[in-house]
Each structure stands twice: as C-alpha cells, then as structure tokens.
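**Q** In mature numbering (1 follows the signal peptide of the UniProt record, and there is no 0), the protein residues as written are -17 to -1, 1 to 282. The beta carbon of each residue, even a glycine, is placed where N, CA and C say it ideally should be. Sharing a structure with you now.
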Amino acid sequence: MLAKIVLLVGVVAYCHGMQSLVDVIGANNGTTLVSLIKQAGLADALAGPGPFTVLVPVDSAFAAIPKADVAALTADKAALANVLKFHVISGEEFSFDIVNGRVLPTLSGHSIRLYEQGGNIYFNDARVLAVDIEASNGVVYLIDRVLDVPEGTIMDILDSKSHNLTQFAALVRKARLEYRLSGSVSSSYKYTVFAPSNAAFDKLPASVKSAIFGKSSVYEREIVDYHIHAGTIHIKSLDHAGLVSTLLGGHEISVTTANNQVTFNGKGVLEESDIEAENGVVHVIDQVLIPSNLGGIIG
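Structure representation (structure tokens):
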C-alpha cells in the first residue's frame, strides 16, 4: 500500500467536496486543463455523475510544453480529446486503495502504471504533487507533467523514422521476434525495450555488424532478447545502481547513474526515455549491448 502518499493531501488548500470536477480542477492550479477540457468538448462529460479520477497536470506542466506543440494539439479536437482522456480513469481511485505497480485503464483505451520510487509517487513518468482532492463526482490528483499518450505498439515505435530506431527494428525482424513487440500474442504482455539508436549500430566495427546482420548470423535473437525486459520500467522507477533482468535468461543489464547521466553496462548512455507504447515502454540508448556469452565471439 502507498501509505506515504497520504502525506501529500495537506498540499491542498481547500475542501471541494461539493464542487464538480471541472470546478475543483480550476481551483487547484489546473486552469489550463480546464480550458483544454472545454475546447475538447469534454466539460459536460466531466460534470456528469461519474465518478472519475482525474490526473491534473498543473499549469506549469503545460507551460513547459513548446507553444507550437500545444497549438498543433488544440488544432485537432479529436487528438486533444484523446490526450485528455488519457488523464481520466473511470471510478474513484483514492491513494489509500492504490497498490504499487498497479496498472489502471483510462478513458482513452490505454493504461497507465502507478509506482513509488524515492519517496515519490508516479503515474508513468509524472510525479504526483497532491492526492485525494475530492469533488462531487470524483477525485483529483495533481501531477507535474502532461502524460504522453502511447504512440502505438513497441514495434510501431521502432519502425517510426522519428525515433531513429529502424536498424534495431530490422534486427527484431531478422530474429523473427516482431510478433512479440507488436502485441499480437497478448495485450497483457508488457515489455521495456532498451533500443540502440541507428547511430549506435553505425559505430559498430564492420566485423561486429556483419556478425549480427550477416545472412549466416545466429546471434540476432540473443542480441534482441538482451535489450528487452519483461514488464514496464519507467526511468524514474529504475534502480539507478542495480541490475535489470532481460529475456535472455541469466543475463542482466547493469545500471549506473553519475552526473545526471544513466549508463547501461558501463557504456550505453540513455539518449531518450519513456516513449510510451500500448504494450510497454521504449528507452533509446547510444550503444548496442552485447551479452557476456557473445562478447568473445562478436564483441
């Protein structure tokens, strides 16, 4: 149980038990969200009987987003509504009922994960600032950032040119493991992928790259499995001085943090984190990780 979170209730200055969710949100540093709710045509729904649990990015969270991105989002009413629904959970979820690691479905059709790390509580990668702000038709949590809606499956993200992960996507297909990352096996299977960027593959010695991608290679499956963890790990929930299990049985990835830089196996540096997928999360690293059993062969 997340008993510590109850201490955050004192942050709230008022009791809003008789006000609707929209009014409570507006009175608790959520004026930007209220404006977007109205633009998306969701105000009436959130004024209904509910009940709902709303994760409210505070005004400063929206201020941190580039204006061009906000403008693009507000120009597409359907996309805006989808982002906002990703912050709404059907039913009331009070802090004293929530279990660490629980996955909660949202009105967008995607799920979010709640966890505790370092005395803080997170929904995905958003830190909780205040909890259990009651309204007549639900409950509000304040969070420090806007949640990213999943961009598709993990395989969709690897294939997307915007993330520069297409060489790892090709390796996944060469290993015939795309079914696993496309969510086609079961929607309940979640993964964390530490995906080497295209630049990471480009800087491999030619002999190593040939050993991995060559027609006669038999190592691709082990390489791919070594970059995948069963389950969802956001960077803020990662043990920054520990080990991460992988799908390659008996082989783990070491994690260290120094000078605000997260490093894997002592050399792979985190470049981009917490890319949300429907079936997990992707982190981009700048090195291809070679498991110890292959180090003397292709490393």
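Let me check understanding here. Comparing Cα to Cα, which of His70, Ser256 and Leu67 lies closest to Val264?
**A** One-based indexing of the sequence shown puts residue 264 at position 281. Minimum Cα distance to Val264 is reached at Ser256.
**Q** Are Gly92 and Thr36 close, meaning C-beta to C-beta below 8 Å?
**A** Here residue 92 is taken as the residue at index 109 of the sequence shown, counted from 1. Here residue 36 is taken as the residue at index 53 of the sequence shown, counted from 1. It is not a contact, given that the beta carbons lie outside the stated cut-off.
**Q** Count the other CB atoms within 10 Å of the CB of Phe79; is the residue buried (16 or more) or exposed (fewer)?
**A** Against the sequence shown, residue 79 aligns to sequence position 96. Counting Cβ neighbours within 10 Å, Phe79 comes out exposed, since fewer than 16 surround it.
**Q** Out of Glu235, Asn107 and Gln244, point me to the one whose CA is closest to Ser275's CA.
**A** For the purposes of this step, residue 275 is taken as the residue at position 292 of the sequence shown. Comparing Cα-Cα distances from Ser275 to each of Glu235, Asn107 and Gln244, the minimum goes to Glu235.
**Q** Answer yes if the stretch 96 to 103 comes into contact with the stretch 209 to 221, meaning at least three C-beta pairs across the two stretches below 8 Å, and no otherwise.
**A** A contact exists between the stretch 209 to 221 and the stretch 96 to 103.
**Q** In angstroms with no decimal places, state the Cα-to-Cα distance between Asp142 and Ile104.
**A** Counting from 1 along the sequence shown, the entry for residue 142 is found at position 159. Counting from 1 along the sequence shown, the entry for residue 104 is found at position 121. About 32 Å.
**Q** Which residue's Cα is closest to the Cα of Thr246: Ser228, Ala28, Gln270 and Ala109?
**A** Here the question's residue 246 lines up with position 263 in the sequence shown. Comparing Cα positions, the closest option is Gln270.
**Q** Excluding five sequence neighbours on each side, which residues of the same chain lie with their C-beta closer than 7 Å to the C-beta of Leu277?
**A** In the sequence shown, the residue the question calls residue 277 occupies position 294. Answer for Leu277: Tyr202 and Glu205, listed in chain order.
**Q** Since I believe Thr89 is in contact with residue 317 (beta carbons under 8 Å), could you give me their beta-carbon distance rounded to a whole number of angstroms?
**A** Any property of residue 317 remains undetermined from this structure, which presents the chain solely from -17 to 282.
**Q** For Arg110, which residues of its own chain have a beta-carbon under 8 Å away from its beta-carbon, when the five flanking residues on both sides are left out?
**A** What you label residue 110 is simply residue 127 of the sequence shown in a count that begins at 1. Only Asn103, Ile104, Ile126, Asp127, Arg128 and Lys219 meet the Cβ criterion.
**Q** For Gln244, which residues from the same chain have a beta carbon less than 8 Å from its beta carbon, with the 5 sequence-adjacent residues on both sides left out?
**A** The count along the sequence shown starts at 1 and reaches residue 244 at position 261. Contacts found: Val252 and Leu253.
**Q** What number of angstroms, rounded off, separates the C-alpha of Leu25 from the C-alpha of Ala54?
**A** Taking the sequence shown and counting its residues from 1, one reaches residue 25 at position 42. Taking the sequence shown and counting its residues from 1, one reaches residue 54 at position 71. Rounded to whole angstroms, Leu25 to Ala54 spans 18 Å at the Cα level.
**Q** Kindly say whether Phe69, judged by its beta-carbon, lies nearer than 8 Å to any beta-carbon of chain D.
**A** Within the model displayed, chain D is absent; a lone protein chain is all it includes.
**Q** Do you know offhand how far Ala189's Cα is from Glu75's?
**A** Reading the sequence shown from its first residue, position 206 is the one you call residue 189. Reading the sequence shown from its first residue, position 92 is the one you call residue 75. The straight-line gap from Cα to Cα measures roughly 56 Å.
**Q** Measure the Cβ-Cβ separation of Val39 and Val132 and say whether it is below 8 Å.
**A** Locating residue 39 in the sequence shown gives position 56, counting from the first residue. Locating residue 132 in the sequence shown gives position 149, counting from the first residue. No. Outside cutoff.
**Q** From which residue to which residue does the beta strand (DSSP E) around Asn103 run?
**A** The residue labelled residue 103 in the question sits at position 120 within the sequence shown. It spans Asn103 to Phe106 - the beta strand (DSSP E) in which Asn103 sits, taken as one unbroken run.
**Q** Please go through the same chain and pick out, in chain order, the residues whose beta-carbon is closer than 7 Å to the beta-carbon of Phe77, but skip the five residues on each side of it.
**A** Looking up residue 77 in the sequence shown gives position 94. Taken in chain order, the residues that qualify are Asp115 and Val122.
**Q** Between the Cα of Glu117 and those of Thr149, Ser180, Ser73 and Pro34, spot the shortest distance and give me the residue it belongs to.
**A** Working through the sequence shown from its first residue, we reach residue 117 at position 134. Of the listed residues, the one whose Cα sits closest to Glu117 is Pro34.
**Q** Is Ala23 closer than 8 Å to Ala51 when the C-beta atoms are compared?
**A** Residue 51 sits at position 68 when you count from the first residue of the sequence shown. Residue 23 sits at position 40 when you count from the first residue of the sequence shown. The answer is no: Cβ separation not under 8 Å.
**Q** Would you give the residue range spanned by the beta strand (DSSP E) that Val123 belongs to?
**A** Here the question's residue 123 lines up with position 140 in the sequence shown. From DSSP, the beta strand (DSSP E) with Val123 extends over Gly121 to Ile126.
**Q** What span of residues does the beta strand (DSSP E) with Val71 cover, start to end?
**A** For the purposes of this step, residue 71 is taken as residue 88 along the sequence shown, with counting starting at 1. Its beta strand (DSSP E) spans residues Val71 to Ser73.
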